[in-house]
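Notes follow the structure.
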Amino acid sequence: MRVAEELKKSALVSIWFMFLTFPIMVIRVNTIYNTVEWRWLNMALVGGGSFFLSMLWRFMIRRKERGKKKAEIKDGVQLTLIQRLMQNRRVTLSGIVLAAIFAMIYPFVFSMYQTSIMITALIYVMCGLGLNIVIGLAGLLDLGYVAFYAVGAYSYALLNYHFGISFWMALPVGAALGFMFGVLLGFPVLRLRGDYLAIVTLGFGEIIRLVLENWNEFSHGPSGIANIPRPSFFGYDLSLQQVTIWIYFIMIGLVIFTIFVVGRLQNSRLGRAWVALREDEIACQAMGIDKTRTKLSAFALGATWAGMAGVMFAAKTTFINPASFTIWESVIILCVVVLGGMGSIVGVILGAMVLILLPEYLRAFSEYRMLLFGAVLVLMMVFRPGGIITNVRRTYRFKGKATTDGSSA
Amino acid sequence: MAAAHNFGKDVLEVRSLSMDFGGLRALDKLDLSVRQGEIVALIGPNGAGKTTFFNCITGLHAPTEGEMLIHPPNQGKTQRLNGLKPNRVTERGLARTFQNIRLFPNMTVLENVMIGRHCRMSAGIPGAIFRPRSTREEENQVVDDSYAMLEKIGIEQFVNELAMNLPYGAQRRLEIARAMATDPFILLLDEPAAGMNPQETRRLDELILRLREQEKISILLIEHDMKMVMSLSDRIYVVDYGKKIAEGSPEEIKRNPAVIKAYLGEEIDA
Ligand SMILES: Nc1ncnc2c1ncn2[C@@H]1O[C@H](COP(=O)(O)OP(=O)(O)OP(=O)(O)O)[C@@H](O)[C@H]1O
Ligand SMILES: [Mg+2]
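Residue numbers (our numbering), protein chains in the order written: chain A, 95 to 503; chain H, -10 to 259.
Take a look at the structure:
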């Protein structure tokens, strides 16, 4: 009875798919001989494949729902294996040591090409961690994040072009400009909520790109700025290979710095306020939290990291033009955060690695890359809506009096 | 027992407060005052405008007309609340709870109370990143203070639970704890006993009286539970359709014909 039902459902799905894909999968017009080829085998494959996949799909959904019920019964947060491992200090420590060793020897073991890809991935890690403050902690959906990335990149490129400012000077300047633009853009848009905020930030991101594209005197328009110097190494001349390794280590340093700062922000008065603001805005205000200032600080801090990452990007590629800062870039960074796990630092790092490195190594399938990308995202949202690593927020646990508080002892 | 108290001067003074929602007049020239150490109840039928009154004085709504003044008991300087943002109102010493509970559901009980301490702390972005001694001490202090507050309210056994997992009565109490953490001189309670069983309500009565005694605060209370209102309040305001229809001690209110008419069919002298 049940089996028949299931079979019928899957059969329907497969017929539907065969019908839909009929024109592209089955019919092929051979233009040389002016004949039509009927590739019936393809139809069978599509039918069989979709039949099997739809069965699998429903099986997975069912399993997921059963899992959810079990979790409810146990009443409490159900931790996955990774999360439990992450809470074990010894495992965490050895994981960190392994990752550190790997990061240290990576550029010497792998080729320059690999190192270069890894640098790109690390830039995305940095952006992801920055955006994570805005989305993961404060719950503000910012789709114009790439604007601040562009601000950073252009501030280095232009300051260097006009005034010869070095990379090391440009890094803090890029961060500061990112922060400033964050405040400037955040001020008008942060009154909006949810979807409205997303749309307006999207618009702002595009505005910045269009300005860069059209204001020729300022930004050199679509042709961009070339010959941006790579970071210097205490005045020595480095070969391309050496400088790539040098940039790699700068990036590692910056990522560690970012992790440190984001970790501290998370566990501070401000971090608590962000989370509370995400939970309930009205209650938050009634408890004395300045909504505008708190949101603005999240927005601007996120922008700061985008600014720094932008400077890095300009220094790495030595050439920038507005085409590098399209919405697509914002979307990828957003995907890094969502896929990795909102609010989770480890999750964001993994997300960036998966999203940036996999496409590079999957160049063989480059035609299907976007398809795969989309499929992965859809599957993730269905089966692991919390991301690869669902964030278990580190909550304040009361372990007894921390200070010597005589009055109530 | 109400008569036994000798109250100080006014701490909250609202003059001729009106609030229009489009064509609907939710509050109509309402006058109200609360004295130091007093428990004042604001009652009235559903939709009378009680919650709207709270929303106006806490800065969530901007009233159409009227003046809202506070005379904080410790500093004594009179301040206007008109035009202040909600967080500024809280900083000045008014704290409230919500009729439909508005906790931070995915934060722990302790964190909920810590959020209440937020406006009494000072660490900013540099403090968060560099974590100097002052910030560390402040963080330790806030944990201790928050726990002490939970003990006062009597829900310390839930300290590390998520707020959403708390039983209903404890959630209501947590709202009070969170509000008290902001160090108010006047506590605004919006139907704190709603949904509680009689036993929980009795314990809430005790809590409110104890807060007034120990924390030296005034309380303005919206409540539908007449038994609780009559036993707790020193003074009662009755509103209907946004207008004040009566004001006085519990005894006076019970006998007031206008009140009896507004509450037609309801039992007042419970
Ligand atoms: N934001 C708003 N916009 C429009 N009308 C509102 C708004 N808030 C309240 N009202 C209206 O104002 C009137 C008073 O509402 P209010 O919530 O203050 O009543 P209440 O006395 O608290 O009632 P209850 O005892 O049911 O809580 C109601 O008619 C309500 O519909
Ligand atoms: Mg109400």
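Cβ atoms here follow ideal geometry from the backbone N, Cα and C, with glycine treated the same way.
A contact is defined here as three or more CB-CB pairs under 8 Å, and the stretch 272 to 285 of chain A fails this definition with respect to the stretch 208 to 220 of chain A. If you check the C-beta of residue 214 of chain H against ligand 2, you find no heavy atom less than 7 Å away. Contact annotation: residue 90 of chain H and residue 161 of chain H have beta-carbon atoms nearer than 8 Å. CA-to-CA, the gap between residue 224 of chain A and residue 187 of chain H works out to about 51 Å. Here residue 229 of chain H is buried. Its C-beta has 16 or more other C-beta atoms within 10 Å.
With a minimum length of 4 residues, the unbroken runs of alpha helix (DSSP H) contained wholly in the stretch 301 to 338 of chain A fall at 310 to 313. Within the stretch 417 to 447 of chain A, no residue has its Cβ closer than 9 Å to any Cβ of chain H. Here residue 135 of chain A is exposed: its Cβ has fewer than 16 other Cβ atoms, across all protein chains shown, within 10 Å. Residue burial is scored here from C-beta neighbours: residue 254 of chain A has at least 16 other C-beta atoms within 10 angstroms and is therefore classed as buried. Of all alpha-carbon atoms in H:55, H:27, H:38 and H:192, the one lying nearest the alpha-carbon of residue 234 of chain H is that of H:38.
Of the heavy atoms belonging to ligand 2, at least one sits nearer than 7 Å to the Cβ of residue 179 of chain H. Straight-line measurement puts the Cα of residue 413 of chain A at about 7 Å from the Cα of residue 318 of chain A. Residue 100 of chain A is outside the set of residues whose beta carbon lies under 8 Å from a beta carbon in chain H. In the three-state scheme derived from DSSP, where H, G and I count as helix and E and B as strand, residue 136 of chain A is classed as helix. By the CB criterion at 8 Å, residue 344 of chain A and residue 439 of chain A fall outside the cutoff. Of the residues assessed, residue 282 of chain A falls on the exposed side of the cut-off, its CB having fewer than 16 other CB atoms within 10 angstroms.
According to the DSSP assignment, residue 229 of chain H belongs to no alpha helix (DSSP H) but to the beta strand (DSSP E) extending over 224 to 229. For the stretch 379 to 402 of chain A, the set of residues with a beta-carbon nearer than 8 Å to any beta-carbon of chain H comprises 379, 380, 381, 382, 383, 384, 385, 391 and 395, in chain order. Against residue 268 of chain A, chain H offers no close residue; the least beta-carbon distance is about 18 Å (beta-carbon pairs closer than 8 Å).
Shown here, residue 404 of chain A sits in a helix according to DSSP, grouped into three states. Below the 9 Å Cβ cutoff, chain H contributes 117 as neighbours of residue 365 of chain A, in chain order. In the structure shown, the three-state DSSP call for residue 144 of chain H is coil. Apart from the 5 residues on each side of it in sequence, residue 291 of chain A sits with its Cβ closer than 8 Å to the Cβ of 234, 235, 236, 283 and 284 in its chain, given in chain order. Just so you know, the alpha carbons of residue 106 of chain H and residue 112 of chain H end up roughly 12 Å apart.
Counting the other Cβ atoms within 10 Å of the Cβ of residue 239 of chain H gives 16 or more, which makes it buried. Listed along the chain, the chain H residues whose CB falls inside 9 Å of the CB of residue 376 of chain A are 49, 75, 87 and 91. In the displayed model, residue 170 of chain H falls within coil according to three-state DSSP, outside both helix and strand. Contact with chain A is absent for residue 218 of chain H, since none of that chain's Cβ atoms lies less than 8 Å from the residue's Cβ.
Partner residues in the beta bridge of residue 85 of chain H, as assigned by DSSP, are H:177. Taken from the Cβ of residue 18 of chain H, every heavy atom of ligand 1 lies 7 Å or farther away. Under DSSP, residue 127 of chain H shares a beta bridge with no residue. For residue 40 of chain H, the Cβ falls inside the 7 Å cut-off from some heavy atom of ligand 2.
Under DSSP, residue 68 of chain H shares a beta bridge with H:59.
Between residue 346 of chain A and residue 197 of chain A, the CB-CB gap stays under 8 Å. DSSP, reduced to helix, strand and coil, places residue 383 of chain A outside both helices and strands of the structure shown, so it counts as coil. For residue 237 of chain H, no alpha helix (DSSP H) segment is defined; the enclosing uninterrupted segment is the beta strand (DSSP E) at 232 to 237.
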